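**Student:** One line per chain: the protein sequences are U and E, in this order. Be aware that the first sequence starts at 24, since it is given in the numbering used here, and climbs by one per residue. Be aware that the second sequence starts at 104, since it is given in the numbering used here, and climbs by one per residue. Handing you this structure, nothing more for now.
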Amino acid sequence: MLKINNLHVSIEGKKILKGINLEINPGEVHAIMGPNGSGKSTLANVLAGREDYVIEEGEVTFFGEDLLKLSPEDRARKGLFLSFQYPVEIPGVSMVNFMKTAVNEVRKYRGQKQLTASEFLKLMREKKELVELNSDLASRSVNEGFSGGEKKRNEIFQMAMLEPKLSILDETDSGLDIDALRTVASGVNALKSPQNATVLVTHYQRLLDYIVPDYVHVLYKGRIVKTAGKELAFELEEKGYDWIKKELDEEES
Amino acid sequence: MKETVATQNYTAVEDITGLYQSNTELFLEGSPDFMNDVRGKALDDFVRQGIPSTKDENYKYTDLRPVFEGDFNVFPSYVDQEIDFLSLFKCDVPKLDTFVILTVNGWYYQRNRNLDLPEGVIIGSLAQAAREHPELVAQYYGKQVKTGKDPLAALNTLLAKDGLFIYVPDNIVIEKPLQVINLLRAKNDSFSTQRNLFIVGKNSQLKVVFCDHTLSKKKFVSNKLTEIYVQENAVFDFYNIQNQHNESANLNSTFICQKASSNIQINTASLHGGVVRNNLEVLLNGEYAEANVYGISLTDNKQHVDNYTHVDHAKPNCTSNQLFKNVLDEESTGAFAGRIHVWRDAQKTVAFQRNNNVLMSANAKIDTKPQLVIDANDVKCSHGATVGRIDTEALFYLRARGISEKEAKLLLMFAFVHEVIAQIRVKPLQERLDELVDKRFRGEISKCHKCMFDCNPKSLK
Ligand SMILES: Nc1ncnc2c1ncn2[C@@H]1O[C@H](COP(=O)(O)OP(=O)(O)O)[C@@H](O)[C@H]1O
Ligand SMILES: [Mg+2]
């Protein structure tokens, strides 16, 4: 589904990603962990098509197609979804209008027919329940005045509306209390299928109690320095990142 | 089109004064003394001030001299048009039931139908009202208009012959909005003068919608002046939808005097036009009066829109809210100069002013000059202005959900101006304006010669 080969990325002349290799197949759940500042969000944003970054080297394919050539909207239409670490507030754009536009643009691209107003509202109601999104949030402006937890639920709600093939959830767990975390996790689990894949970007192990990953990768200083099964997450939880840092810093010297 | 007077060249003040002096008879004809008597002073005032240019502090951002360059026809008397506009301008907006009135080149259209109005209400031609009700009209005519302080007001007063007159006596609520379609249509480049006078009596309510249109491709300069009196406890709404072509100059002055506990909303949408200058002066001249003054402009090409507002708090306990938002694309330019003046003793004044601008292109330009003059000590006032570009974070967020860049920009621009449209107190009009703004952003009404109410004047060229 997604193949990242030797990806190097910089921003404002500063090298952030220094040779990422990663392959994700349908049905898989990957966790990308690592200390703050290691480049996790950078990777997520580059995959979603954010333009501030410079791709220095490497390729990324999504279902065999060169992903880096595509506009952000085409990536979304082809089934890539990013749940933002910091969802932006957009005053004046109502959630309903936003989602209707998004869903219909995506459907148009996929050759599906446009939803009627009532079909759309029905879909919206269904998906809102999935993440227990407060129903008046849907009538408000996008993320405006939402609490941290509401913003994160809203991301998963949008994911549910757009039915992506690959979802990258950037720190969707941070700032959530345990109840919200459980709701978000059960939403993600409900949307899982053998056809789609999920990437969980996190620096806590907590979320992984609820969404069990097939692979855990550790991203450190712009490189994936360790990949293992879910047991790696427990190890990190127990020992922190220091032992990995130490190992690597020793290797370097 | 007969009976129009052509000038050779309008570039110099002498040409305009020459036009007036050599055709004085025509300009005086049919008007009562109280209109003619003030022309002399207006002439002097205009000559002294000249055509507004950037040298004038109040016109710092708009040079009107190029606008006055060229040969124009003027209309010192009514010229009938061969077309029955009313049959063309049938309003078909569902839910919006309005009285419809047309003006043509500044004159009250003589084929307007009689409206079914409450007793005592007058809505019609100013020239006619001035003849039929001279005492009433004379009592108000020009009383707020300081020709010595503004050359456009002086010029309007010099050449004024007709326009719209509205008189609503005390204690009458007119629910149905009055839609006034101001048409410009001529075979030659034209300069038109329109003079309106509205009086809204005590405890009365009135809503007026102006739709400014150009119906032929000639160059138009229209100098419109509207003088409004809102009496105690009256409620008055004035919505202006400006939609003229790029060869037009829409010079538009509004003077409002509010008495105690009255409430007004002025909301001007400059959707299209070559050069637009909106002068707005509000005098809060009675306690507990409230003025809500709003505007949007959407410009592209080389268009220029300049909003100049002046809100005077003359009495204590009044409130004024000003909100102006502009979206400027391509090489268009804009300006906002807003002044709040709180007079001495106008304690407990609440006055807000905000101007927000979004530049969509590197070549668009906006000048903004908020001004606050406070001569009282117990007041709550604030003003602020911002100039920004489209929020790239928000744009990326929308695109990351599959929305095209173009559509995402539209959503953001629309959201930006909707804050102003949302203030409109006539719901169907609000919805209609949302729709028009959306169309405008999509470039679908850029060549519009249509009425905002979609009345499709097919046979007009
Ligand atoms: N817009 C930016 N400009 C400059 N540096 C940035 C920018 N965004 C991120 N960085 C830097 O890139 C590095 C990686 O950041 P990020 O990808 O957000 O890490 P993580 O998500 O793993 O915490 C950090 O050192 C951060 O300071
Ligand atoms: Mg991050």
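Each residue gets a CB set at the ideal place from its N, CA and C atoms; glycine is no exception. Predicted model only: the values in this text are computed from it and were never measured.
Confirm the yes/no value for this check: CB of ILE267 of chain U, any heavy atom of ligand 1, distance under 7 Å.
**Tutor:** For the purposes of this step, residue 267 of chain U is identified with residue 244 of the first sequence, where counting begins at 1. It does not: the Cβ of ILE267 of chain U is nowhere closer than 7 Å to a heavy atom of ligand 1.
**Student:** Which residues neighbour ligand 1 when neighbourhood means a C-beta less than 6 Å away from any of its non-hydrogen atoms? List them by chain order.
**Tutor:** Per the Cβ criterion, the list is U:ILE34, U:GLU35, U:LYS37, U:ILE39, U:GLY57, U:ASN59, U:GLY60, U:SER61, U:GLY62, U:LYS63, U:SER64, U:THR65, U:ASP75.
**Student:** Can you grab the Cα-Cα spacing for the pair TYR244 of chain E / ALA230 of chain E, in whole Å?
**Tutor:** Numbered from 1 along the second sequence, position 141 holds the residue referred to as residue 244 of chain E. Numbered from 1 along the second sequence, position 127 holds the residue referred to as residue 230 of chain E. Their Cα atoms are separated by approximately 12 Å.
**Student:** My assumption, with CB atoms under 8 Å, is that SER364 of chain E sits in contact with GLU330 of chain E. Please give the rounded CB distance.
**Tutor:** In the second sequence, residue 364 of chain E corresponds to position 261, counting from 1. In the second sequence, residue 330 of chain E corresponds to position 227, counting from 1. Incorrect: roughly 21 Å between the Cβ atoms, too far for contact.
**Student:** Give the residues of chain E in contact with PRO114 of chain U, contact being defined as C-beta atoms less than 7 Å apart.
**Tutor:** Stepping through the first sequence from its first residue, residue 114 of chain U is reached at position 91. Residues of chain E passing the Cβ test: ALA518.
**Student:** Measure the alpha-carbon distance for HIS416 of chain E versus CYS314 of chain E and round it to whole angstroms.
**Tutor:** As a position in the second sequence, residue 416 of chain E is number 313, starting the count at 1. As a position in the second sequence, residue 314 of chain E is number 211, starting the count at 1. Approximately 29 Å, taken between the alpha carbons.
**Student:** Going by the DSSP bridge assignment, what does ALA488 of chain E pair with across the sheet?
**Tutor:** Taking the first residue of the second sequence as 1, we reach residue 488 of chain E at position 385. According to DSSP, which records beta bridges pairwise, ALA488 of chain E is partnered with E:ASN458.
**Student:** Return the chain-ordered list of same chain residues with a C-beta closer than 8 Å to the C-beta of GLY487 of chain E, the five sequence neighbours on each side being excluded.
**Tutor:** Along the second sequence, read from residue 1 onward, the residue named residue 487 of chain E stands at position 384. Closer than 8 Å at the Cβ level, and outside the excluded window around GLY487 of chain E, lie GLN456, ARG457, ASN458, PRO473.
**Student:** For ALA363 of chain E, which of helix, strand or coil comes out of DSSP?
**Tutor:** Reading the second sequence from its first residue, position 260 is the one you call residue 363 of chain E. Three-state result, ALA363 of chain E: coil.
**Student:** Name the DSSP beta bridge partners of TRP210 of chain E, please?
**Tutor:** Indexing the second sequence from 1 puts residue 210 of chain E at position 107. In the DSSP output, where bridge partners are listed per residue, TRP210 of chain E has E:VAL207.
**Student:** Checking 8 Å against the spacing of the C-beta atoms, do ASN166 of chain U and ASN177 of chain U come in under that value?
**Tutor:** Sequence index remark: in the first sequence, residue 166 of chain U carries index 143 (1-based). Sequence index remark: in the first sequence, residue 177 of chain U carries index 154 (1-based). Yes. Within cutoff.
**Student:** With which residues is CYS421 of chain E paired in a DSSP beta bridge?
**Tutor:** Along the second sequence, read from residue 1 onward, the residue named residue 421 of chain E stands at position 318. Partner(s): none; CYS421 of chain E has no beta bridge.
**Student:** Would you call the region 234-253 of chain U and the region 35-43 of chain U touching, i.e. three or more CB-CB distances under 8 Å?
**Tutor:** The region 234-253 of chain U is in contact with the region 35-43 of chain U.
**Student:** Beta carbon of ASP403 of chain E: closer than 7 Å to some heavy atom of ligand 2?
**Tutor:** Walking along the second sequence from the start, residue 403 of chain E turns up at place 300. Incorrect: ASP403 of chain E has no Cβ contact closer than 7 Å to ligand 2.
**Student:** Among the candidates E:ASN217, E:ALA263, E:ALA440, E:ASN285, whose CA atom is the shortest distance from the CA of VAL141 of chain E?
**Tutor:** As a first step, residue 141 of chain E is located in the second sequence; it is residue number 38 there, counting from the start. Looking at the Cα atoms, E:ALA263 is the closest of the given residues.
**Student:** Given the structure, does TYR496 of chain E come close to ligand 2, in the sense that its CB is under 7 Å from one of the ligand's heavy atoms?
**Tutor:** Along the second sequence, one-based indexing puts residue 496 of chain E at 393. First, the amino acid is wrong: residue 496 of chain E is Glu here, not Tyr. Not under cutoff, so the answer is no.
**Student:** I need the DSSP call for ILE34 of chain U, collapsed to helix, strand or coil.
**Tutor:** The count along the first sequence starts at 1 and reaches residue 34 of chain U at position 11. Reduced to three states, the DSSP call for ILE34 of chain U is strand.
**Student:** Return yes when the C-beta of LEU178 of chain U is under 7 Å from any heavy atom of ligand 2, and no when it is not.
**Tutor:** Reading the first sequence from its first residue, position 155 is the one you call residue 178 of chain U. Inspection of the sequence shows that residue 178 of chain U is occupied by Glu rather than by Leu. Incorrect: GLU178 of chain U has no Cβ contact closer than 7 Å to ligand 2.
**Student:** Verify the CB distance criterion: does LEU25 of chain U have a CB-CB separation below 8 Å to chain E?
**Tutor:** Numbered from its first residue, the first sequence carries residue 25 of chain U at position 2. With 8 Å as the cut-off, LEU25 of chain U does not count as an interface residue toward chain E.
**Student:** Which bits of chain E does ARG73 of chain U rub up against, with CB to CB less than 9 Å?
**Tutor:** For this step, residue 73 of chain U is matched to residue 50 along the first sequence. Near ARG73 of chain U (Cβ distances below 9 Å), the residues of chain E are PHE499, ALA503.
**Student:** Using a Cβ-Cβ cut-off of less than 8 Å, list which residues of the region 235-264 of chain U approach chain E; keep chain order.
**Tutor:** Within the region 235-264 of chain U, no residue qualifies.
**Student:** Indicate whether at least one CB of chain U lies closer than 8 Å to the CB of HIS486 of chain E.
**Tutor:** Start at 1 with the first residue of the second sequence, and residue 486 of chain E comes out as number 383. Not closer than 8 Å to any Cβ of chain U, the Cβ of HIS486 of chain E fails to qualify, so no.
**Student:** With DSSP collapsed to three states, give me the class of ASN559 of chain E.
**Tutor:** Taking the first residue of the second sequence as position 1, residue 559 of chain E is located at position 456. Confidence is the limiting factor: at ASN559 of chain E the pLDDT is only 36, short of 50, which leaves the residue's position unreliable and the question unanswerable from this model.
**Student:** Quick check on VAL324 of chain E: does DSSP put it in helix, strand or coil?
**Tutor:** Locating residue 324 of chain E in the second sequence gives position 221, where the first residue counts as 1. Three-state DSSP puts VAL324 of chain E in a strand.
**Student:** Under 7 Å from any heavy atom of ligand 2, does the C-beta of ASP196 of chain U make it?
**Tutor:** To locate residue 196 of chain U, count along the first sequence from 1; it is residue 173. No, ligand 2 has no heavy atom inside 7 Å of this Cβ.
**Student:** What residue range is occupied by the uninterrupted alpha helix (DSSP H) comprising LEU146 of chain U?
**Tutor:** Position 123 of the first sequence, counting from 1, holds the residue named residue 146 of chain U. Where LEU146 of chain U is concerned, the enclosing alpha helix (DSSP H) stretches over 140-153.
**Student:** Can you list the residues of chain E that GLU167 of chain U reaches, using a CB-CB cut of under 9 Å?
**Tutor:** Along the first sequence, one-based indexing puts residue 167 of chain U at 144. Ordered by position in chain E, no residue passes the 9 Å Cβ test against GLU167 of chain U, which lies about 10 Å from the chain.
**Student:** For the 8 Å Cβ check, are there 3 or more pairs between the region 206-213 of chain E and the region 283-298 of chain E?
**Tutor:** Result yes; three or more Cβ-Cβ pairs closer than 8 Å.
**Student:** Should ALA67 of chain U be flagged as near chain A, meaning a C-beta pair shorter than 8 Å?
**Tutor:** Protein chains in the displayed structure are U and E, and chain A is not among them.
**Student:** Please name the residue or residues paired with PHE85 of chain U in a DSSP beta bridge.
**Tutor:** Looking up residue 85 of chain U in the first sequence gives position 62. According to DSSP, which records beta bridges pairwise, PHE85 of chain U is partnered with U:LEU25, U:GLU88.
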